Amino acid sequence: MNYIYNNKEEMDKLLDRFCRYVKIWSESDGKAADAGVFPSTEQQWDFAKVLVKELRNLGTRNVYLTDNCYVVGKIDSNIIEPEERKKYPAILLMAHMDTVDEVSGKDVHPVITMPSAAESPTGEADTIIKTDGTTLLGADDKAGVSAIMSAIEYLMNHYEDLPHGPIEVMFSPDEETGHGMDKVPLNILKAQAAYTVDGGDEGELECECFNAYAAKITFIGKACHTGDAKAGGMVNALTMAGNFLARLPRDMAPETTEGYQGFIAPMDISGSIESACINLLLRGFNIEEIEKEKEIIQKTADEVVKKFGGSAQVEFKQQYLNMKDKILENPEVLECLEKAYEASGVKVIKKPIRGGTDGSRLTEMGIPTPNIFTGAHDFHSRNEWCSLNQMSKAADVIINLLTIKND
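For the sequence shown, numbering that gives the first Met the number 0 gives the first residue as 0, with consecutive numbering after it.
As structure tokens, then:
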């Protein structure tokens with residue numbers, strides 16, 4: 000069953016929707032989120048209100064915009080006979096509204112090209128949407144939002160023809176800051192299986208991810224007049240921070256690791272002679288690897304203090320955990336998704352997420368949530384691009400997922 004792919008009318012609507020969405024500024028702010036601001040930026044409300052209006056216009060009966068900027072829509076099962084209705088599970092679909100703050104997501108100008116198969120990065124004649132080079136595109140995760148909305152629109156336009164179970168849709172703020180599930184409205188969600196639409200290349204099906212911790216190291220120095228620094232016993236916290244970074248293992252940097260290798264990633268540094276702070280990300284597919292990374296951080300901080308004097312405060316904070324084990328405890332969730340890939344003519348490519356999704360944390364909360372591809376590529380950069388063919392295939396997968404009957 001292919002509903003959108005190779006259907007020009009539906010693909011044109013999807014392309015138009017995606018280009019409209021990426022032009023809406025919805026960038027989040029990691030520092031504000033870490034400080035407890037939720038959502039971390041006001042502009043996320045703008046996108047949320049657009050989605051609420053569109054869901055209502057599509058005929059979705061129950062649409063909520065929560066006090067914390069979550070958009071939730073619900074569609075009742077269209078199956079009348081009770082025993083038949085039980086064969087269609089309730090499903091929650093998720094994508095996030097925010098874009099990362101590492102590269103500007105304001106004033107996005109999407110550029111559309113139509114390369115031949117020989118010239119296309121996907122290896123087939125395609126429509127490619129990219130940036131003009133001044134911003135990111137925002138396909139992470141507006142490609143996922145677009146695929147979900149297009150699938151819902153198709154189902155609502157064919158309500159009598161395509162039997163389905165109860166459907167819930169949720170668009171969340173602040174996924175990119177790691178706080179996307181901080182205030183998730185579990186009280187209004189009923190589905191026991193969920194799927195994020197936040198992946199990359201066609202066919203990718205992700206059910207395992209990093210364990211993720213944040214580390215904050217604060218170096219405390221001693222300030223005095225620079226002209227009398229030696230006699231005054233200056234301890235420069237900025238020098239301590241720089242030496243700490245220089246001591247980190249190069250082979251554990253994100254730019255030197257791949258596959259199932261974890262990493263230690265410095266994300267920002269700030270301060271003065273008296274006090275300097277470094278924030279880092281720790282990533283590993285098993286907890287033992289995370290513990291090793293913690294030891295490296297603590298040992299390195301201690302070595303810097305021994306060399307320069309002063310002191311160091313080291314703090315670790317859990318962000319999310321690998322969702323693999325909890326998802327494998329619910330094999331039917333993956334089985335349904337694999338059937339949807341097959342029905343859409345998509346070959347399953349299982350790979351780990353070298354990162355995390357809102358689904359990582361939702362899985363911890365008890366709702367198993369694997370991840371579906373979107374057709375987005377080169378995330379978090381000015382080189383970000385998206386394949387319309389692949390985004391359409393993601394919409395196909397969603398439609399088939401929602402309409403597959405459990406025998």
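Glycine included, every Cβ here is placed at the ideal spot set by N, Cα and C. It should be emphasised that the depicted structure is a prediction, and the values quoted were computed from it without experimental measurement.
Two segments are said to touch when three or more pairs of C-beta atoms, one from each, lie closer than 8 Å; by this definition the region 198-211 touches the region 316-323. Closest option to residue 371, judged by alpha-carbon separation, among 7, 233 and 356: 356.
It is roughly 9 Å from the alpha-carbon of residue 162 to the alpha-carbon of residue 154. With respect to residue 86, residue 406 sits close: the two C-beta atoms are nearer than 9 Å. In terms of Cβ geometry, residue 311 and residue 216 form a close pair [threshold 9 Å]. Taking the C-beta atoms as reference points, residue 218 is found nearer than 9 Å to residue 240. A direct Cα-to-Cα measurement between residue 44 and residue 34 gives close to 19 Å. For residue 358, the closest C-alpha among the options 281, 231, 225 and 178 is that of 178. Across the set 271, 133, 342 and 127, the C-alpha of 127 shows the shortest separation from the C-alpha of residue 142. Counting C-beta atoms within 10 angstroms of its own C-beta, residue 259 has fewer than 16 neighbours from the protein chains shown and is therefore classed as exposed.
Contact between residue 123 and residue 392 is ruled out by a C-beta separation of about 11 Å, above the 8 Å threshold. Residue range 310-319 is occupied by the beta strand (DSSP E) that includes residue 312. Here residue 282 is bridged, per DSSP, to 211 and 262. The DSSP-derived three-state label of residue 193 is strand. Taken atom to atom, the span from the alpha-carbon of residue 293 to that of residue 282 is near 10 Å. The beta carbon of residue 111 sits closer than 6 Å to those of 128, all from its chain and outside the five residues before and after it, given in chain order. Straight through space, the alpha carbons of residue 277 and residue 269 are spaced by roughly 7 Å. Its chain contains 239, 242 and 243 as the residues whose beta carbon lies nearer than 6 Å to that of residue 303, once the 5 sequence neighbours on both sides are disregarded; these appear in chain order.
Boundaries of the alpha helix (DSSP H) around residue 29: 29-33. At the C-beta level, residue 199 and residue 17 stay beyond 9 Å of one another.
With fewer than 16 other Cβ atoms inside 10 Å of its own Cβ, residue 226 counts as exposed. Short of 8 Å from the beta carbon of residue 363, and not among the five residues preceding or following it, lie these beta carbons of its own chain, in chain order: 319, 320, 322 and 325.
A distance below 9 Å separates the beta carbons of residue 170 and residue 93. When secondary structure is reduced to three states using DSSP, residue 91 falls in the strand class. Spanning the alpha carbons of residue 89 and residue 403 requires a straight line of approximately 11 Å. Fully enclosed alpha helix (DSSP H) runs of no fewer than 4 residues occupy 138-156 of the region 102-172, in order along the chain. Excluding the 5 residues flanking it on each side, residue 10 has same chain C-beta neighbours closer than 7 Å at 3, 387 and 391, in chain order. The C-alpha of residue 135 is placed about 11 Å away from the C-alpha of residue 22. Taking the Cα positions, residue 56 is about 16 Å away from residue 20. For residue 218, DSSP records a beta bridge to 275 and 311. The three-state reading of DSSP puts residue 76 in coil, since its state is none of H, G, I, E or B. The continuous alpha helix (DSSP H) containing residue 14 extends over residues 7-21.
In the three-state reduction of the DSSP assignment, residue 403 falls in the coil class, being assigned neither a helical nor a strand state. For residue 234, the secondary structure class from DSSP, reduced to helix, strand or coil, is strand. Judged by DSSP secondary structure, residue 44 falls outside any beta strand (DSSP E) and instead within the alpha helix (DSSP H) spanning 42-56.
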